[in-house]
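K.L.:
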Amino acid sequence: MDKGFPVHDASHIRLRAARFGAMASLCSASLIMATTASMNAQSPKVAIKSVPAEKKVEVTVDGKAFTTYMWPDTLEKPVLYPITTASGIVVTRGFPPLANERQDHPHHVGLWFNYGDVDGFDFWNNSDAIKPDQKPKMGSVKHREVVKAESKGDHAVLEVKADWISGDGKTRLNETTTFTFRAAAGGVRMIDRVTTLAAAKGTGTVKLPDNKEGALGLRVIRALEDPAEKGGEFKDAAGRVTKMGDMDMSGVTGQYLTSEGKVGKEVWGTRGAWTKLSGTVGGKPVTIAILDAPGNPGYPTYWHARGYGLFAANPLGQAALSNNKDTLNFAIAEGRPATFRYRILFIDGNPSAADMQKYAAAWASTSGGSTSSNP
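Numbering (our numbering), first residue to last: 189 to 563.
1) Counting pairs of Cβ atoms below 8 Å between the segment 367-380 and the segment 398-412, do you hit three or more?
2) Count the other C-beta atoms from every protein chain shown that fall within 10 angstroms of the C-beta of E242, then say buried if there are 16 or more, exposed otherwise.
3) Taking just the CA atoms, how far does W312 sit from L516?
4) Would you check whether the ligand GTP has a heavy atom nearer than 7 Å to the C-beta of P397?
5) Can you check which of these residues, G442, P270, T262, A550, is closest to V245 by C-alpha distance?
6) So, do the segment 445-455 and the segment 504-518 have three or more beta carbon pairs nearer to each other than 8 Å?
7) Three-state secondary structure (DSSP) at A222?
8) Give me the Cα-Cα distance between V394 and T364, rounded to the nearest whole angstrom.
9) Would you identify the three-state DSSP class for G327, choosing helix, strand or coil?
10) Taking all protein chains shown into account, do 16 or more other C-beta atoms lie within 10 angstroms of the C-beta of K464, making it buried, or fewer, making it exposed?
11) Would you call T398 buried or exposed, if buried means 16 or more other Cβ atoms sit within 10 Å of its Cβ?
12) Expressed to the nearest angstrom, what Euclidean distance is found between the alpha-carbon atoms of T391 and T248?
13) Kindly list the residues whose CB is nearer than 6 Å to the CB of D380, restricted to its own chain and excluding five residues on each side of it in sequence; keep chain order.
14) Ends of the beta strand (DSSP E) at K265?
15) Should A501 and M544 be called a contact, given that it needs their Cβ atoms to be closer than 8 Å?
16) Tell me, to the nearest whole angstrom, how far the beta carbon of R529 is from that of N484; I am working on the premise that it is less than 8 Å.
17) Do A461 and S555 have their beta-carbon atoms positioned less than 8 Å apart in this structure?
18) Per DSSP, what kind of secondary structure is K237 in: helix, strand or coil?
19) CB V267 to CB G298, shorter than 8 Å?
20) Given a cut-off of 8 Å on the beta-carbon distance, is the pair Y303 and E413 in contact?
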């Protein structure tokens, strides 16, 4: 293996978990049990339906839309889109964007998982807007099969397989992802995403060097953007510039908060076990939260969270997000897959930081231990 691209083992992950997971570990067992019990009480019915002819799998709660796993030919990766709260608020930007929404970053669709540098190929920025002469430099996550789609009463499980194929036609990674969809009383819906990436046969070691473009991404509606966002120019890791002008910010109310107390624009490029994005939509409080898991690669994750509506957890882009204070240069060797576990909450309300710690503690207690680069 080339110097500078170590395959990180469980000891590295445990160190990070010990350093930054103190808050969760201080929570008492009774607190965790109470939180879990509350979330399980009077759970609505979650159902799932596979519609292969339309390249989608639909998820409902008590017969009402929650989300759809979809892999249309017009996208370069599978996504969950749209995502709807218990009160019926769609929190994902339109696909295609609606007339009153920002039209930038066409690769931002729903909730997805990919990365900006996999063996030198850009999977993150790929879309139908990429010029033909640039396509060989890109990569696509291609849905392969639905392994299972099962309704289990208070939750539903979807297991899928996909392949990460670079612009030269070579399969770099094989992906297995399990989604667990849940709903609880009190206007709480959640998605647990567990994604295992394995180096494809014959690849040896697949390198994912530090890159700001990654990894678990969500593009939100206008109302959840930061009202302080004034537009400007944003460069991707390849130097491509996206220009965004000023827009009417009336009704825009989004505010980030991390486990470390960072708010708004302070969040980008910092670490935290969780981040929530809260705002008001149609007069109703709404929160989206992403929870990292102890044992994940790069735990606690860096946040690639922008005021214009990109909400992303990027555990792999450490040098790019920390101004070179940290470096990871992650790699996945054949026979040593890496697993990433996240819980995403969609809440009709605005939970306090203390409430968020309870959610994080409950997730940490159920998400397992070290999940990276298993021998």
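Virtual Cβ for every residue (Gly too), placed ideally from N, Cα, C.
P.N.:
In terms of the structure at hand:
1) no
2) exposed
3) If you take the alpha carbons of L516 and W312, they lie about 18 Å apart.
4) No copy of the ligand GTP appears in this structure; indeed no ligand is present at all.
5) Measuring from the Cα of V245, the nearest candidate turns out to be P270.
6) no
7) Below a pLDDT of 50, predicted positions are generally treated as unreliable, and A222, at 46, falls in that range; the measurement from the model is reported next regardless. In the structure shown, A222 sits in a helix (DSSP, three-state: H, G or I).
8) So the two alpha carbons sit approximately 16 Å from each other.
9) strand
10) buried
11) For clarity, residue 398 is Asp in the given sequence; the question names Thr instead. So D398 ends up on the buried side.
12) 39 Å
13) Contacts found: T368, R531.
14) Neither: K265 is in no beta strand (DSSP E) and is coded neither H nor E.
15) no
16) 6 Å
17) no
18) strand
19) In contact: V267 and G298 (Cβ atoms closer than 8 Å).
20) no
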